[in-house]
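Residues in the sequence shown are numbered consecutively from 1, following UniProt numbering.
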Amino acid sequence: MVLRHKVLSLLVTTCILFSENTLSATPPAPFTAEQEARIGQIAGEYLLAHPEILVQVSQKLQQQQHARAQLRFAIKVMEHQGELLNDPDTPSTGPDDAAVAVVEFFDYQCIICTQQAPVIEQIMGASPDVRFIFKEWPIFAQKWPASENAALQGISIWKEHGSKAYMVYHNGLYRTGHNEGKLTAADITAVTASAGVKVQSAGDHHDVLVRTDALAQALDLTGTPGIIVMPVKNATPDRITVFPGMATAAQLQAAIAKARQ
Numbered sequence: 001m002v003l004r005h006k007v008l009s010l011l012v013t014t015c016i017l018f019s020e021n022t023l024s025a026t027p028p029a030p031f032t033a034e035q036e037a038r039i040g041q042i043a044g045e046y047l048l049a050h051p052e053i054l055v056q057v058s059q060k061l062q063q064q065q066h067a068r069a070q071l072r073f074a075i076k077v078m079e080h081q082g083e084l085l086n087d088p089d090t091p092s093t094g095p096d097d098a099a100v101a102v103v104e105f106f107d108y109q110c111i112i113c114t115q116q117a118p119v120i121e122q123i124m125g126a127s128p129d130v131r132f133i134f135k136e137w138p139i140f141a142q143k144w145p146a147s148e149n150a151a152l153q154g155i156s157i158w159k160e161h162g163s164k165a166y167m168v169y170h171n172g173l174y175r176t177g178h179n180e181g182k183l184t185a186a187d188i189t190a191v192t193a194s195a196g197v198k199v200q201s202a203g204d205h206h207d208v209l210v211r212t213d214a215l216a217q218a219l220d221l222t223g224t225p226g227i228i229v230m231p232v233k234n235a236t237p238d239r240i241t242v243f244p245g246m247a248t249a250a251q252l253q254a255a256i257a258k259a260r261q
């Protein structure tokens, strides 16, 4: 039994060391062919009897990979804080002196963004002291032109009528439930009117969309939604959270709490 525990310890340690891409400075003591065969046999028998060990090793590896990915994201976020937080062409709502910001990259034709929208609304209601920033990123524009048209109209409403009208428009489009090619020009017109805005052609804000696309790529975001929760000032990697996909209300609340620290 002692030998089995030693073999198990060696196996788990080896898995973790390989996951960290580290090498021992001192080469391990060599085993004879018979010892190696016996070790392999014992390890195999033990893992068959205790498969939960492999699950634990896999979970540990996933945690390490997630932590490394978050660190890479956080470093890029810190490199682009100004573009994320201070672009006057980007719609936003919440206190100007907020200590925490939630930045969302989204597309009105994205079905996951449609599912994310009510969660963001919920968090906005629960966190009135947080600033919410909305990066119009119509990644489906080539496939569905309404994606870009809706984004351009949103920016126009923001610039001409402010955050209140923009939020009515933004949430109104998602409440239509029309995504993945179903959003129409009539939807955009109707929701614009519901925001109390006189219906007119959207301004030419393609330069804003180009900048947002470049920023998303610089952050290594690969799709929508992409959500960043961060301190507005004195940000550090351990206080930044990036969700390269949908986030639950609990996850967002935890990220906001971390950013407040």
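Where is the CB? At the ideal position from N, CA and C, for every residue including glycine. Remember, predicted model here, so these are calculated numbers, not experimental data.
For a minimum of 4 consecutive residues, which ranges assigned as the alpha helix (DSSP H) are wholly contained in the stretch 71-119? With a minimum length of 4 residues, the continuous alpha helix (DSSP H) runs that stay inside the stretch 71-119 are 81-85.
Please list, in chain order, all residues of the same chain as E180 whose beta carbon is under 7 Å from its beta carbon, the five residues on each side excluded. For the purposes of this step, residue 180 is taken as the residue at position 180 of the sequence shown. Excluding sequence neighbours, E180 sits near Q109 and I111.
Tell me which residue opens and which closes the beta strand (DSSP E) that E136 is part of. For this step, residue 136 is matched to residue 136 along the sequence shown. Counted as a single uninterrupted DSSP element, the beta strand (DSSP E) harbouring E136 occupies residues R131 to E136.
Give the secondary structure of I240 by DSSP, where H, G and I count as helix, E and B as strand, and everything else as coil. Position 240 of the sequence shown, counting from 1, holds the residue named residue 240. Of the three classes helix, strand and coil, the one that applies to I240 here is coil, per DSSP.
Mapping DSSP to helix, strand and coil, what is V197? Against the sequence shown, residue 197 aligns to sequence position 197. In the structure shown, the three-state DSSP call for V197 is coil.
When DSSP labels each residue in this structure, what does T22 get in the three-state scheme? Indexing the sequence shown from 1 puts residue 22 at position 22. Only weak support exists for where T22 lies, its pLDDT of 45 falling under 50; the coordinates are left without a value.
Whether residue 267 touches V242 by CB criterion (7 Å): With the chain represented from 1 up to 261, any question about residue 267 goes unanswered, as that position is not in the structure.
If we call anything under 7 Å between Cβ atoms a contact, is A98 one with V232? For the purposes of this step, residue 98 is identified with residue 98 of the sequence shown, where counting begins at 1. For the purposes of this step, residue 232 is identified with residue 232 of the sequence shown, where counting begins at 1. Taking C-beta atoms as the reference points, A98 and V232 count as a pair closer than 7 Å.
Under a Cβ-count criterion, where at least 16 other Cβ atoms within 10 Å of its own Cβ denotes burial, should S58 be classed as buried or exposed? Your numbering for residue 58 matches position 58 in the sequence shown. Looking at its Cβ environment, which holds fewer than 16 other Cβ atoms inside 10 Å, S58 is exposed.
Using DSSP bridges, identify the partner residues of P231. To locate residue 231, count along the sequence shown from 1; it is residue 231. Partner(s): V100.
6 Å CB neighbourhood of A195 in its chain, flanking five on each side removed: As a position in the sequence shown, residue 195 is number 195, starting the count at 1. Cβ within range, chain order: A165, V168 and Y169.
What does the alpha-carbon distance come out to for the pair G40 and I53? Residue 40 sits at position 40 when you count from the first residue of the sequence shown. Residue 53 sits at position 53 when you count from the first residue of the sequence shown. About 16 Å.
Determine the closest residue to Q219 out of I75, V100 and N234, with distance taken between C-alpha atoms. By 1-based counting over the sequence shown, the position of residue 219 is 219. According to the sequence displayed, residue 219 carries Leu and not Gln. Among I75, V100 and N234, the Cα nearest to that of L219 belongs to I75.
According to DSSP, what are the bridge partners of G226? The residue you call residue 226 lines up with position 226 of the sequence shown. The partner list for G226 (beta bridge, DSSP) reads F105.
Using a Cβ distance threshold of 8 Å, determine whether the stretch 172-186 contacts the stretch 206-217, with at least three qualifying pairs required. These segments do not touch.
Start and end residues, alpha helix (DSSP H) containing D213: Locating residue 213 in the sequence shown gives position 213, counting from the first residue. Where D213 is concerned, the enclosing alpha helix (DSSP H) stretches over H206 to A218.
For Q116, count neighbouring Cβ atoms within 10 angstroms of its own Cβ and tell me buried if that reaches 16, exposed if not. Counting from 1 along the sequence shown, the entry for residue 116 is found at position 116. Label assigned to Q116: buried.
Which term fits T114, buried or exposed, when burial requires 16 or more other beta carbons within 10 angstroms of its beta carbon? By 1-based counting over the sequence shown, the position of residue 114 is 114. Result: buried.
Cα-Cα, which of P225, V119 and A250 is closest to F106? Here residue 106 refers to the residue found at position 106 of the sequence shown. Comparing Cα-Cα distances from F106 to each of P225, V119 and A250, the minimum goes to P225.
Can you give the Cα-Cα distance for V229 and A254, rounded to whole angstroms? Within the sequence shown, residue 229 is the residue found at index 229, counting from 1. Within the sequence shown, residue 254 is the residue found at index 254, counting from 1. Distance between the alpha carbons of V229 and A254: 10 Å.
Measuring only the C-alpha atoms, how far is V191 from I256? Position 191 of the sequence shown, counted from the first residue, corresponds to residue 191. Position 256 of the sequence shown, counted from the first residue, corresponds to residue 256. So the two alpha carbons sit approximately 30 Å from each other.
Leaving aside the five residues before and after V199 along the sequence, list all residues of the same chain whose C-beta is less than 6 Å from its C-beta, in chain order. Position 199 of the sequence shown holds residue 199. Around V199: T189, T192 and A193.
Where does T192 fall in DSSP's three states? Residue mapping note: residue 192 aligns to position 192 of the sequence shown, counting from 1. In this structure, T192 counts as helix in the three-state DSSP scheme.
The stretch 117-124 touching the stretch 152-160, judged by at least three CB pairs closer than 8 Å: Segments in contact, no.
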